[in-house]
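Chemist:
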Ligand SMILES: Cc1ncc(C[n+]2csc(CCOP(=O)(O)OP(=O)(O)O)c2C)c(N)n1
């Protein structure tokens, strides 16, 4: 029996079905739950959650980009403690940034409902790792709900608010790339207005000093036990009857794969890997001859079941890395002797041409990295579109760890002394505001000899073009204060700071060279809007005059997708041509061309 069949309150008034992605469905659930304050920092696959929330009226719900995930969660915490339902959304690695707040918030509890929507990325489609948020939930003692499809994504968000308020805890709703970005039919309902409760002054509860935290910790453990009992009794924890020769415990999207490849199996679908519905698991294990666990990424459920003294098999048959799929689940069941070995993987008769990711035609980051190649120093990189400069042909980044790491990495390199100088950190505008300012202060404070290049393309491009405090616009498009990077740098104590237009190649090269010659912290702000956001830029395209081209490949070094090889040759080498449809007329190639054979199409 599902929670819907059990008529869990809130699901009687279903009105309309519509095709929604998991992210849109969760946003709808947030709005329906009467949430008043929503904040997030973008990150694939979670970005569209807040963007979808912002499609609901501002009079119902505040939707705002925060400068980073910790700020987003802190905003939501402040709102919840002030008595209104609140939401904070982020990708899995965003929770690393927000975790400091979460670890204490679980001690403090909430006043009105507080839900974190965290989207994992099994398979690393667009991330720097594939950490499993369920481990964070266990570490923070925060219950985690794991929907399987868009309908559950919508429903579980609403249920999460009830759990949050009943048990006085923040609740995590965990999605994954597959769920966040898959569209399916979702029955939605109306918004429930929740009366604001106001802030209740209670420092013993809300001020996390040692005396209060000591009292709170045992309560946290008690709450864990109560939540175990809640999930054991709740129709959220679902048993699908089937053959009892073996039973499968599963969760989230893997539930769908299990149902597809083992339709006759007895299945226990956990709505929460943590806290474990222990009594249900015990009864389920006793009802089958053999117990298997099918879970994506870490053996969270498997280890919890084994800790109860119940034998089960999981990661011995199913991989601990990457995304699961029906084929992988079937292969695991076959390895366990419970299914026929799968045939060859299905062929879809598609042989896509391998197309490595590249910076867009006219991307302003391109010239900055060309200039860095010329300097030939040690480059600590960061995360954003510009990370693509790590690969050929730009190939000018030595390290990339996580958002905001570049400047302090460069400080460490300067302290250690590297076999290559100068030492340069490159960082995007959104990333600088996210977590680049404290390390810049640190660099000046500790007298590091580094150059920082702030790649200001006036948008968070990597995740699809979101506003941030450097764009001067809010998520809902209202004008707001626009921060000045020069002022921030000066306030941090940087004495050498210049702004340069990366389309002016000569000045860019000279400025970067001068910056690297300065002793101390120098900052170059390479400023030019992204060619895609907030407006798509399309200038007059350029063309190559084939007579003049000497096949020197200078323009090819840009890695511009508009420049390709032509059929003509010069002394045995291929000449180049420009695709007018892709070219945006940035003129970078024309500036690099030593034979002056690149001109506007209409020249
Ligand atoms: C902690 C964390 N949050 C979010 C992301 C997703 N993400 C990667 S880079 C980036 C920002 C990129 O914007 P910017 O620094 O302006 O560079 P651009 O892509 O515009 O060149 C985001 C949001 C992440 N990888 N890690």
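Numbering (the working numbering), first residue to last: 6 to 608. For glycine and all other residues, C-beta sits at the position ideal for the given N, C-alpha and C. All figures in this text were calculated on a predicted structure; none of them were measured in a lab.
Below 8 angstroms on the Cβ atoms is my guess for residue 376 versus residue 517; work out the distance and round it to an integer in Å.
Modeler: Here residue 376 corresponds to residue number 371 of the chain shown, with the count starting at 1. Here residue 517 corresponds to residue number 512 of the chain shown, with the count starting at 1. With 8 angstroms as the limit, residue 376 and residue 517 qualify as a contact, their Cβ atoms being about 5 angstroms apart.
Chemist: Between the stretch 431 to 439 and the stretch 381 to 390, are three or more C-beta pairs nearer than 8 angstroms?
Modeler: yes
Chemist: Please report the distance separating the alpha-carbon of residue 295 from that of residue 234.
Modeler: On the chain shown, position 290 is the one that residue 295 refers to. On the chain shown, position 229 is the one that residue 234 refers to. Residue 295 and residue 234 have their C-alpha atoms spaced approximately 24 angstroms apart.
Chemist: Sort 271, 150, 144 by Cα distance to residue 250 and report the nearest one.
Modeler: As a working mapping, residue 250 is identified with position 245 in the chain shown. The option with the nearest alpha carbon to residue 250 is 271.
Chemist: Can you give me the Cβ contacts of residue 418 inside the same chain, cut-off strictly under 7 angstroms, excluding the 5 residues immediately before and after it?
Modeler: By 1-based counting over the chain shown, the position of residue 418 is 413. Exclusion of the five residues before and after residue 418 leaves 383, 385, 428 as the residues of its chain whose Cβ lies within less than 7 angstroms of its Cβ.
Chemist: Under the rule that 16 or more other beta-carbon atoms within 10 Å means buried, what is residue 2, buried or exposed?
Modeler: It is not possible to answer for residue 2, since the shown part of the chain is limited to 6 through 608.
Chemist: Should residue 436 be counted as a contact of ligand 1 given a C-beta to heavy atom distance under 7 angstroms?
Modeler: In the chain shown, the residue the question calls residue 436 occupies position 431. Yes, the Cβ of residue 436 comes within 7 angstroms of a heavy atom of ligand 1.
Chemist: Would you check whether ligand 1 has a heavy atom nearer than 7 angstroms to the C-beta of residue 133?
Modeler: Position 128 of the chain shown holds residue 133. Result yes, Cβ under 7 angstroms from ligand 1.
Chemist: Determine the extent of the beta strand (DSSP E) in which residue 24 is found, giving its start and end residues.
Modeler: Numbered from its first residue, the chain shown carries residue 24 at position 19. Looking at the DSSP string, the run of the beta strand (DSSP E) that includes residue 24 is 21 to 26.
Chemist: Enumerate in chain order the residues of its own chain whose CB-to-CB distance from residue 202 is below 8 angstroms, with the five nearest sequence positions on each side excluded.
Modeler: On the chain shown, residue 202 is found 197 positions in, with the first residue counted as 1. Within the same chain, residue 202 has close Cβ partners 88, 89, 116, 117.
Chemist: Here's the rule: buried if 16 or more other CB atoms are within 10 angstroms of the residue's CB, otherwise exposed. What is residue 33?
Modeler: For the purposes of this step, residue 33 is taken as the residue at position 28 of the chain shown. Its Cβ being crowded by 16 or more others within 10 Å, residue 33 is buried.
Chemist: Quickly, what does DSSP pair residue 338 with across the bridge? List them, please.
Modeler: Translated into the one-based positions of the chain shown, residue 338 becomes position 333. DSSP, once it has assigned bridges, lists no residue as partnering residue 338.
Chemist: Could I get the ranges of all uninterrupted beta strand (DSSP E) runs contained in the stretch 15 to 85, with 3 residues as the minimum, in chain order?
Modeler: Listed in chain order, they are 21 to 26, 42 to 45, 67 to 70.
Chemist: What do you reckon, is the C-beta of residue 466 under 7 angstroms from a heavy atom of ligand 1?
Modeler: One-based indexing of the chain shown puts residue 466 at position 461. Residue 466: yes, Cβ under 7 angstroms from ligand 1.
Chemist: Measure the CB-CB distance between residue 91 and residue 81 and report whether it falls below 8 angstroms.
Modeler: Against the chain shown, residue 91 aligns to sequence position 86. Against the chain shown, residue 81 aligns to sequence position 76. Yes. Within cutoff.
Chemist: Would you mind stating whether residue 441 and residue 475 have Cβ atoms separated by less than 8 angstroms?
Modeler: Here residue 441 refers to the residue found at position 436 when the chain shown is read from its first residue. Here residue 475 refers to the residue found at position 470 when the chain shown is read from its first residue. It is not a contact, given that the beta carbons lie outside the stated cut-off.
Chemist: Are residue 197 and residue 29 touching if we call contact CB-CB under 8 angstroms?
Modeler: Position 192 of the chain shown, counting from 1, holds the residue named residue 197. Position 24 of the chain shown, counting from 1, holds the residue named residue 29. No, Cβ-Cβ distance for residue 197 and residue 29 is not below 8 angstroms.
Chemist: Sorted by chain position, which residues of the same chain lie with C-beta nearer than 8 angstroms to residue 303's C-beta, five sequence neighbours on each side aside?
Modeler: The residue given as residue 303 occupies position 298 in the chain shown. These residues qualify, in order along the chain: 137, 139, 140, 325.
Chemist: From residue 278 to residue 414, what does the alpha carbon distance come to, in whole angstroms?
Modeler: Counting from 1 along the chain shown, the entry for residue 278 is found at position 273. Counting from 1 along the chain shown, the entry for residue 414 is found at position 409. C-alpha separation (whole angstroms): 36 angstroms.
Chemist: Quick one, are the C-beta atoms of residue 568 and residue 530 less than 8 angstroms apart?
Modeler: Stepping through the chain shown from its first residue, residue 568 is reached at position 563. Stepping through the chain shown from its first residue, residue 530 is reached at position 525. No, they are not a contact pair.
Chemist: Thinking C-alpha only, which one of 42, 53, 581, 254 is nearest residue 63?
Modeler: Position 58 of the chain shown, counting from 1, holds the residue named residue 63. Among 42, 53, 581, 254, the Cα nearest to that of residue 63 is on 42.
Chemist: Let me know the beta strand (DSSP E) ranges lying completely inside the stretch 420 to 480, each 3 residues or longer, listed in chain order.
Modeler: 428 to 433, 456 to 461
Chemist: Relative to the alpha-carbon of residue 461, which residue among 426, 507, 498, 485 has its alpha-carbon at the smallest distance?
Modeler: Along the chain shown, read from residue 1 onward, the residue named residue 461 stands at position 456. Considering only alpha carbons, the answer is 507.
Chemist: Can we count residue 540 as close to ligand 1, meaning its CB is less than 7 angstroms from some heavy atom?
Modeler: Start at 1 with the first residue of the chain shown, and residue 540 comes out as number 535. Answer for residue 540: no, Cβ out of range of ligand 1.
Chemist: Which class does residue 588 belong to by DSSP, given the choice of helix, strand or coil?
Modeler: In the chain shown, the residue the question calls residue 588 occupies position 583. If DSSP states are grouped into helix, strand and coil, residue 588 belongs with coil.
Chemist: If you follow the alpha helix (DSSP H) that residue 288 is in, where does it begin and where does it stop?
Modeler: Locating residue 288 in the chain shown gives position 283, where the first residue counts as 1. Counting along the chain, the alpha helix (DSSP H) containing residue 288 begins and ends at 283 to 292.
Chemist: Quick check: the stretch 123 to 132 against the stretch 219 to 230, are at least 3 beta-carbon pairs closer than 8 angstroms?
Modeler: no
Chemist: Cβ atoms of residue 133 and residue 390: under 8 angstroms apart, would you say?
Modeler: By one-based count along the chain shown, residue 390 stands at place 385. By one-based count along the chain shown, residue 133 stands at place 128. The answer is no: Cβ separation not under 8 angstroms.
Chemist: CB of residue 98 to nearest heavy atom of ligand 1: below 7 angstroms?
Modeler: Stepping through the chain shown from its first residue, residue 98 is reached at position 93. Result yes, Cβ under 7 angstroms from ligand 1.
Chemist: How about the stretch 234 to 244 and the stretch 259 to 274: do they share at least three Cβ pairs that are nearer than 8 angstroms?
Modeler: yes
Chemist: Going straight from the alpha carbon of residue 179 to that of residue 121, what length do you get?
Modeler: Counted from its first residue, the chain shown places residue 179 at position 174. Counted from its first residue, the chain shown places residue 121 at position 116. When rounded, the distance between both Cα atoms is 8 angstroms.
Chemist: Can we count residue 554 as close to ligand 1, meaning its CB is less than 7 angstroms from some heavy atom?
Modeler: As a working note, residue 554 is residue 549 in the chain shown. The answer is no for residue 554.
Chemist: Going by the DSSP bridge assignment, what does residue 98 pair with across the sheet?
Modeler: As a position in the chain shown, residue 98 is number 93, starting the count at 1. In the DSSP output, where bridge partners are listed per residue, residue 98 has none listed.
Chemist: Residues in its own chain within less than 6 angstroms of residue 528 by CB, not counting five upstream and five downstream?
Modeler: Mapped onto the chain shown, residue 528 falls at position 523. Excluding residues within five positions, the ones whose Cβ falls inside 6 angstroms are 457, 494, 499, 502.
Chemist: Let's see if you can read the secondary structure: which residues bound the beta strand (DSSP E) around residue 271?
Modeler: To locate residue 271, count along the chain shown from 1; it is residue 266. Note, residue 271: beta strand (DSSP E), 270 to 275.
Chemist: If you measure between the beta carbons of residue 313 and residue 287, is that distance less than 8 angstroms?
Modeler: On the chain shown, residue 313 is found 308 positions in, with the first residue counted as 1. On the chain shown, residue 287 is found 282 positions in, with the first residue counted as 1. Contact flag set, yes.
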